[in-house]
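Residue numbers (my numbering): -9 to 507.
Beta carbons are placed, not taken as given, at the ideal position from N, Cα and C, and that holds for glycine.
Following: one structure in C-alpha cells, then a few remarks.
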Amino acid sequence: MPSKPKPVRRLVIVLGDQLNADSAVFDEFDKDRDAIWMAEVPAESTHVWTHKARIALFLSAMRHYRDQRRAEGFRLDYRQLDDRGCRETLGEELVAACKRLKPEELAMVEAGEHRVQQQMEAAADEAGLPLEVHTDRHFYSTRDEFADHAEGRKQLRLEFWYRELRKKHNVLLDNAGKPEGGKWNYDADNRGTFGKKGPQDVPEPPTFRVHGPTKEVLELVASRFANHPGSLENFNWPTTPGQAERALEHFIATRLPRFGDYQDAMWTDQPFLYHAMLSSSLNLKLLDPRLVVAKAEQAYRSGHAPLSAAEGFIRQILGWREYVRGIYFLHMPEYLERNELGATAPLPEFYWTGETDMRCLSQAIGQTLEHGYAHHIQRLMVTGLFSLLLGVDPKAVHEWYLAVYVDAVEWVELPNTLGMSQYGDGGVMASKPYCATGKYVQRMSNYCTACRYNPAKATGEDACPFTTLYWDFLARNQKRLKGNNRMTMQLKNVERKDADDLAEIREQAERLKAELA
C-alpha cells in the first residue's frame, strides 16, 4: 500500500507571477513537512476580459514551474483550471485546500496586486490560520525603502530614486563613484527616428518550442476562452527560466546596440524592432533583474553597446520598474479610483478589434491583439494618448491594458496607465499630461503616410482625430491645468486660437466622440 502523505505544517502560497525558485518564502522550507500551493482559477482570466495569450503565458509558466519543483522533490498541491470542481477564485480554492490539507500555518510573498493580497488574507482568516507575508526580494528595493524615500517629498520623480539605486547597487559608476560618461541619464539620446529608409537589419526574435504544458495550455485556452480577445497563432513567449535567459542573451547580442537610438521609434508592421521583450519574463519572475542589468552593463563595458543604449535600458529595469512599484504600493487601494481630469467617456469598441481607419491605432492595437505586445511608446503615445485626448474613464483604460498585454501585472500596469498615460493621479507619476497632436506620431513613425488623415489639420474631412482632440482636450481642461508650469506654452497656444476656430474644433470633436460612443 502507498504510504499516507505526511501532515502539512506550512502551506506555501505561490502565485502565478511569483515563479522564482529563490523566493524568500522558501528560506525555511522543509520538504518533509511543508507543501507548495498553487491554483489556476477562472476569475484570474475574467475579472478583466483577458487576452488569450496572457492567459496562456501565465498558465503555461505556472505548469512548467510546478513540474520543475516536483522534480526537485517539493510537495505540491496544484489545482488546474480544467480539474473537476475547480472553484471560481483563488480565495475559494485556498480555503478548500486548507480544509483538505489541514496545515498549521500559511506563508506567501507579498502579492503584486492589492486585490489578490486581500483575497489571500481573507481566505486565511476564514480558514482560521496565521498568514506569514514575506518581503519580495526579487526587486532591488523594498516597499518600505520607497516609502522612506517618499516621506517629506512634495513630488516623487523617477530620476532621484533611480540615482539612489544606481549608487546603492554600484551600477554604471566609474572608479570615483560617479556616473559613467559624466551623466546619469541619456534620455535625450534615446529619441531617434528611422527617417524615410525605415529600420535596417531588424533581427527576428528568438523562437521557443511549444511542448508539454505549453501545448496543453494553448489547447485549453483556445477552447475555454474562445470568445476572449486576441490570438494564439503567434504565441512565442518564454515560459521557463531557461527560455527567459535565452531571450535575454539574444537581446543583448542582437538588439541592445540599437535599442538606445530607436527605443521611441515606430514603424508599420514592425511590432518588435530593437526592443527587449523581457518584461513578461521579469514580471513572472522567470528572470532576475540583477542578471538583466549586469548583462547590459557588461555589454557597455566590453564595447558591444554604446553607453546611451545600456543606460537607457538599465533605467527601465533599475529605475522605472522599481519606481512604479513604489508608487503602486504607496497609494493603493485608493489610487485605483483617481480621476483628476474627471474623464467619463467609454473606451471605443475598436480597442478590442483594431478596426479603425486611424493607421497608428490600427497598427498598435492590431499587433497587441496578435501578440499581446506593444512597446512603451505605442502604449503611451498612441493607444494611451488617444484615450487621454478623448476623455476616456482612466479606470476603463487601465482595465484594457491589464487585459491585453502579456506582461501586465497590476503593480506595474496601473501606475503606468492611470498615472503616466492618463494623468488620472494628477501628477504623482508624471509632471504633466502626455498630450500631443498627430504630428508627434508623424515624427516618430511612418504610420501617417498610409493614413487618410492629415496630422496637421484639426478640422475638415481629413483632419487627424488626434489633432482635433488635442485642442479640445486643452480647451476643456484649461482651468484644471492652468497651475501646471509645464503646460504654460500649450495653454497659451489655446488662448491664441481664434474663437471661431476653437468653436469649429469643439464641434468636430463632439461629432467624433458621438461616433465613437
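Excluding five sequence neighbours on each side, which residues of the same chain lie with their C-beta closer than 6 Å to the C-beta of residue i?
i	result
GLY309	LEU148, TYR152
ILE242	LYS285, ALA289
ARG44	GLY362, VAL396
ILE304	VAL283, ALA286
LEU471	MET477
ALA87	TRP27, ASP67
ASN10	HIS128, LYS275
Return helix, strand or coil for residue i, following the three-state DSSP convention.
i	result
TYR443	coil
VAL123	strand
MET419	coil
TRP257	coil
PRO169	strand
ASP67	strand
MET267	coil
ALA335	strand
ALA453	strand
VAL399	coil
VAL382	strand
SER131	coil
THR183	coil
GLY250	helix
PRO228	coil
CYS76	coil
MET479	helix
MET410	helix
GLN8	coil
PHE16	helix
LYS275	coil
GLU141	coil
CA-CA distance, residue i and residue j?
i	j	result
THR230	ASP278	12 Å
PHE376	PRO338	10 Å
PHE150	VAL396	29 Å
PHE215	HIS41	9 Å
GLY332	ALA114	38 Å
GLN368	GLU34	26 Å
TYR363	VAL394	8 Å
ARG0	LEU91	10 Å
GLY511	CYS350	Nothing about residue 511 can be reported from this structure: the residues present for the chain run from -9 to 507 only.
ALA46	ALA354	21 Å
LEU210	ASP72	8 Å
ARG486	ASP12	59 Å
GLU514	GLY374	Limits of the chain in this structure are -9 at one end and 507 at the other, which puts residue 514 out of reach.
ARG53	PRO203	6 Å
MET348	GLY293	41 Å
LYS187	SER435	11 Å
LEU370	GLY118	45 Å
ARG69	LYS205	18 Å
SER352	TYR341	9 Å
THR343	GLY171	46 Å
ALA398	ALA489	43 Å
HIS321	LYS422	19 Å
TYR437	LEU506	21 Å
LYS173	GLY75	58 Å
GLU330	HIS388	14 Å
From the DSSP output, read off the bridge partner residues of residue i.
i	result
ALA97	VAL2, GLU122
LEU163	PRO169
How far does the alpha helix (DSSP H) with residue i in it extend, from its first residue to its last?
i	result
ILE26	First-last for ILE26: 25 to 29, but that is the beta strand (DSSP E), not the alpha helix (DSSP H).
GLN190	From DSSP, GLN190 is part of no alpha helix (DSSP H); its letter is neither H nor E.
GLN233	231 to 244
ALA426	Segment: none, ALA426 is in no alpha helix (DSSP H) and carries neither H nor E.
PRO279	279 to 291
GLU111	104 to 117
VAL85	80 to 91
SER298	297 to 304
ARG496	489 to 506
CYS350	349 to 361
ASP20	Where ASP20 is concerned, there is no enclosing alpha helix (DSSP H), given that its DSSP letter is neither H nor E.
ILE45	42 to 61
GLY344	Taken as a continuous stretch (DSSP letters only), GLY344 belongs to no alpha helix (DSSP H), as it is neither H nor E.
ARG315	312 to 321
For residue i, collect the residues of the same chain with a Cβ closer than 7 Å to its Cβ; drop the 5 residues on either side in sequence, then sort them by chain order.
i	result
SER271	PRO228, ALA234, ALA237, LEU277
GLN109	THR79, LEU80, GLY81
GLU116	VAL85
GLN8	VAL99, LYS275
Got a sec? Which residues, its chain only, sit under 8 Å from residue i by beta carbon, not counting five neighbours each side?
i	result
ALA453	TYR443, ASN444, LYS447, GLN498
ALA300	LEU162, LEU246, GLY250, ALA286, GLU287, ALA289, TYR290
LEU155	TYR130, SER131, VAL161, LEU308, GLY309, GLU312
GLN468	LEU481, VAL484
Distance cutoff 8 Å, beta carbons only. Does residue i sit that close to anything in chain D?
i	result
LEU163	Here there is only one protein chain, and chain D is not present.
Tell me whether residue i counts as near the ligand HEM, meaning its Cβ is closer than 7 Å to at least one heavy atom of that ligand.
i	result
ASP397	Looking for the ligand HEM in the displayed structure turns up nothing, as the structure carries no ligands at all.
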